[in-house]
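Novice: Residue numbers (the numbering used here): 6 to 267.
Here a beta-carbon is modelled for each residue, glycine too, at the ideal position from N, C-alpha and C.
Keep in mind that this is a model prediction, so the values were computed, not measured.
Below are the C-alpha cells for one structure; questions will follow.
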Amino acid sequence: MIVEKELAPAIGSQVTGVDVRDMGPDVFREVADVFHRRAVVVFPGQNLDAEALLAFARRWGEPWMGPLLEPVPGTSAVATIVNRGKEGTVTEYWHSDSTFVSQPPAITLLSAVDVPEVGGDTMWCNQYALYERLSDGMKQLLAGLRAVHYDRQRFNVVQGRKPSMDSAAHPVVRTHPVTGRKSLYISGQAEHFEGMTREESRPLLNYLLGLLGLPDFVYRHRWRNGDLLMWDNRCTTHYAIHDYGAYPRSLHRVTVTGDVPQ
C-alpha cells in the first residue's frame, strides 16, 4: 500500500511504500492517480541505475531523447545531467521541457546519483492554479492565443549539446489530455505570440511569464541521493537553481513522448 504525503499546498506529493522496479498494476494505478492530481511526485530512496529508470519511464509512455542531449552509453534514451558550472547552466529560468518542438515531452523523470548536501534545489510551479487565478476577462483574451517557442540554447550551446533551430507555436491555454483540466501553458522559451512581433507581444508575454514561480503555487525540492522525481510538463514549469559551485552534481533523466498541445 502506498503512502502519499503532500509536499506543498498546490503541487507535489511524496510517495513511499513502493519500489518502482517491482510495481504491480494496481499500485501503478494508485501512483498514476497521485501523479495526475499533484503533477509532481517524489519517490525517496529508490537508487535507480539508468536501465531501471528507463524501464520505469516506459510504463508511462515511449521515451523521447530530444535534440539537445546525448544518451548514456548502452541506453537509448537516458541522459546524464551534470554540473557544467554556473556560467554553463541552461536551466535557471522557468520553463517546461523542449516546448520548441511540435510534440513536447509529456513527463520528465530524474534520478539523483550524486547531489550536493546543500544547494542544487529544483522548483516546480502549477500552471493549472495560475490559469484558475486569472480573471474571466484575461481567460477570454488568452483563448485562441498561441505563443511561439524557441530553443534558448540556439545561440549559446553548451559543449556536448546539439543546437536546435526549431520553433513551435502552442496554445497559451492548454487542455490536459488525461485530466481534461485547463492550464496556462507558457514557458521561458516563448518569445512572441503567433502573428505578432516580439515588441507587440512583450507586455502581455512578460505579464504571463511573471506569474511563473508565484510562491503559493510552487514546490521546492531539496535533492537527496537516491531520489526519483517525476513531473508533468503539460501543466507545470520548473526552475533548477545553480548555487552549488563546483560540486559534481549528477542525475539521470528520461523524458516521455507527449502529444500536440491542444
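Could you tell me the boundaries of the alpha helix (DSSP H) in which L135 lies?
Specialist: Q132 to R138
Novice: Less than 8 angstroms between the C-beta atoms of G71 and S101, yes or no?
Specialist: no
Novice: Which residue spans inside the region 68–149 form an unbroken alpha helix (DSSP H) run of at least 4?
Specialist: Qualifying alpha helix (DSSP H) stretches, in chain order: 132–138 and 141–147.
Novice: I need the boundaries of the alpha helix (DSSP H) containing L217, first residue and last residue.
Specialist: Counting along the chain, L217 falls outside any alpha helix (DSSP H), and DSSP gives it neither H nor E.
Novice: With H, G and I counted as helix, E and B as strand and the rest as coil, what does DSSP make of D248?
Specialist: coil
Novice: Is L12 helix, strand or coil by DSSP?
Specialist: coil
Novice: From the DSSP output, read off the bridge partner residues of W228.
Specialist: None, per the DSSP bridge assignment.
Novice: Of the residues F33, A55 and E67, which one's Cα is nearest the Cα of V23?
Specialist: F33
Novice: Closest by CA to P76, which one among L115, R258 and V265?
Specialist: R258
Novice: Please list, in chain order, all residues of the same chain as L114 whose beta carbon is under 6 angstroms from its beta carbon, the five residues on each side excluded.
Specialist: A62, M235 and V259
Novice: Alpha carbon to alpha carbon, how far is K144 from E56?
Specialist: 43 angstroms
Novice: Do you know offhand how far Q51's Cα is from P266's?
Specialist: If you take the alpha carbons of Q51 and P266, they lie about 32 angstroms apart.
Novice: Using a C-beta cutoff of 8 angstroms, does L213 count as contacting chain C?
Specialist: Checking the listed chains, one finds no chain C in this structure; it contains a single protein chain.
Novice: Based on DSSP bridge pairs, tell me the residues matched to Q208.
Specialist: The sequence given here places Pro at residue 208; Gln does not occur at that position. According to DSSP, which records beta bridges pairwise, P208 is partnered with nothing at all.
Novice: Mind reading off the beta-carbon distance from S172 to Y155? Whole number of angstroms is fine, and I expect it under 8 angstroms.
Specialist: Correct: roughly 5 angstroms between the Cβ atoms.
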